[in-house]
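Q: The following block contains the structure, expressed as structure tokens.
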Amino acid sequence: MIKTKKLTIIEKEINDYSSSSSVKFPFKKIAIGSDHTGFKVKNILIKYLTEKSYHVYDLGTMDEKSCDYPDFAEAVSEKVQQGKADCGFIIDATGIPSAITANKLEGIRAATCYNEFSAKSARSHNDANVIVLGAKTLGEETIKSIVDVWLNTSFEGGRHQRRLDKITGIERKYKS
Numbered sequence: 054m055i056k057t058k059k060l061t062i063i064e065k066e067i068n069d070y071s072s073s074s075s076v077k078f079p080f081k082k083i084a085i086g087s088d089h090t091g092f093k094v095k096n097i098l099i100k101y102l103t104e105k106s107y108h109v110y111d112l113g114t115m116d117e118k119s120c121d122y123p124d125f126a127e128a129v130s131e132k133v134q135q136g137k138a139d140c141g142f143i144i145d146a147t148g149i150p151s152a153i154t155a156n157k158l159e160g161i162r163a164a165t166c167y168n169e170f171s172a173k174s175a176r177s178h179n180d181a182n183v184i185v186l187g188a189k190t191l192g193e194e195t196i197k198s199i200v201d202v203w204l205n206t207s208f209e210g211g212r213h214q215r216r217l218d219k220i221t222g223i224e225r226k227y228k229s
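For what it's worth, the working numbering labels the leading residue of the sequence shown as 54, then goes sequentially.
Right, here's the structure in full:
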């Protein structure tokens with residue numbers, strides 16, 4: 054039984070191409086969302102990313118009122134799944150529950166990253182298209198460093214592609 058909830062996602066598109074820096078990696082359009090715990094970090098990242106000339110879709114939340122992380126994890130992941138964003142950023146308290154939610158959508162490879170190594174591996178080995186961060190587990194400068202590594206790391210392919218193909222096969226096998 055599926056219950057429907059009345060949830061309105063207010064999408065706010067942020068364009069600030071006034072920065073002189075250039076985008077070095079293929080990711081140009083980023084969908085970003087957070088629950089109430091990640092709200093401040095989300096806004097810090099929006100400013101940081103727009104200063105680097107990324108096109109950012111702010112999918113909420115728009116304040117610090119209590120809300121449910123699955124709503125925003127789904128909104129970000131759906132934007133990526135539909136090809137309207139090249140990648141997604143989700144911020145909640147620990148990064149774990151939003152990653153679980155995001156990975157329910159076919160084709161989404163969401164990774165909770167907690168340092169630069171995990172970010173690099175998520176991209177180079179797993180071709181992650183959504184990064185999930187914990188607002189209560191990471192500091193602002195660490196988050197920015199993780200984001201920089203993640204955005205500037207490309208997928209290596211090779212043996213890693215073979216493994217991703219197996220994951221896709223499993224995903225299709227259990228698709229309802």
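By construction, the Cβ of each residue, glycine as well, lies at the ideal position given by its N, Cα and C atoms.
(1) CB ILE83 to CB VAL109, shorter than 7 Å?
(2) Please state the DSSP three-state secondary structure of THR114.
(3) Near SER151, what residues of its chain come up, given a Cβ to Cβ distance below 6 Å and the 5 sequence neighbours on each side ignored?
(4) Measure from the alpha carbon of ALA181 to the alpha carbon of each residue in LYS189, ALA164, LYS197 and GLU169, then state which is nearest.
(5) Closest by CA to ILE196, which one among PHE170, TYR107 and SER207?
(6) What does the alpha-carbon distance come out to for the pair ALA175 and HIS89?
(7) Candidates THR147, GLY192, VAL200 and GLU194: which alpha carbon is nearest ALA172's?
(8) Indicate the three-state DSSP secondary structure (helix, strand or coil) for ASP145 in the structure shown.
(9) State the Cα-Cα distance for the pair GLY91 and ASN156, rounded to the nearest angstrom.
(10) Beta-carbon separation of GLY86 and VAL133 under 7 Å?
(11) What number of angstroms, rounded off, separates the C-alpha of LYS189 from the C-alpha of GLU117?
(12) Residue range of the beta strand (DSSP E) that THR47 falls in?
(13) Look up GLY210 in the DSSP assignment and say whether it is helix, strand or coil.
(14) Which of the three DSSP states is assigned to ALA175 in this structure?
(15) Provide the residue(s) that pair with SER87 in DSSP beta bridges, ordered along the chain.
(16) Does the distance from the CB of LYS81 to the CB of ASP124 come in under 7 Å?
(17) Is LYS81 helix, strand or coil by DSSP?
A: Here's the rundown:
(1) Against the sequence shown, residue 83 aligns to sequence position 30. Against the sequence shown, residue 109 aligns to sequence position 56. Yes; because the gap between Cβ atoms is below 7 Å, this pair is in contact.
(2) Counted from its first residue, the sequence shown places residue 114 at position 61. Looking at THR114 - three-state DSSP - the assignment turns out to be coil, as it is neither helix nor strand.
(3) The residue given as residue 151 occupies position 98 in the sequence shown. Closer than 6 Å at Cβ, skipping near neighbours: TYR122, ALA126, ILE143, ASP145 and VAL185.
(4) On the sequence shown, residue 181 is found 128 positions in, with the first residue counted as 1. Ranking LYS189, ALA164, LYS197 and GLU169 by Cα distance to ALA181 puts ALA164 first.
(5) Position 143 of the sequence shown, counted from the start, is the residue given in the question as residue 196. The residue with the shortest Cα to Cα distance from ILE196 is PHE170.
(6) Locating residue 175 in the sequence shown gives position 122, where the first residue counts as 1. Locating residue 89 in the sequence shown gives position 36, where the first residue counts as 1. Cα-Cα distance, rounded: 25 Å.
(7) Within the sequence shown, residue 172 is the residue found at index 119, counting from 1. Among THR147, GLY192, VAL200 and GLU194, the Cα nearest to that of ALA172 belongs to VAL200.
(8) Here residue 145 refers to the residue found at position 92 of the sequence shown. Correct three-state label for ASP145: strand.
(9) The sequence position of residue 91 within the sequence shown is 38, counting from 1. The sequence position of residue 156 within the sequence shown is 103, counting from 1. Computed Cα separation, rounded: 19 Å.
(10) Reading the sequence shown from its first residue, position 33 is the one you call residue 86. Reading the sequence shown from its first residue, position 80 is the one you call residue 133. Contact: no.
(11) The residue given as residue 189 occupies position 136 in the sequence shown. The residue given as residue 117 occupies position 64 in the sequence shown. If you take the alpha carbons of LYS189 and GLU117, they lie about 14 Å apart.
(12) There is simply no residue 47 to check, as the chain begins at 54 and stops at 229 in what is shown.
(13) Locating residue 210 in the sequence shown gives position 157, where the first residue counts as 1. Reduced to three states, the DSSP call for GLY210 is coil.
(14) Taking the first residue of the sequence shown as position 1, residue 175 is located at position 122. Looking at ALA175 - three-state DSSP - the assignment turns out to be helix.
(15) Here residue 87 is taken as the residue at index 34 of the sequence shown, counted from 1. The partner list for SER87 (beta bridge, DSSP) reads ILE144.
(16) For the purposes of this step, residue 81 is identified with residue 28 of the sequence shown, where counting begins at 1. For the purposes of this step, residue 124 is identified with residue 71 of the sequence shown, where counting begins at 1. No. Outside cutoff.
(17) Taking the sequence shown and counting its residues from 1, the one referred to as residue 81 is at position 28. Coil.
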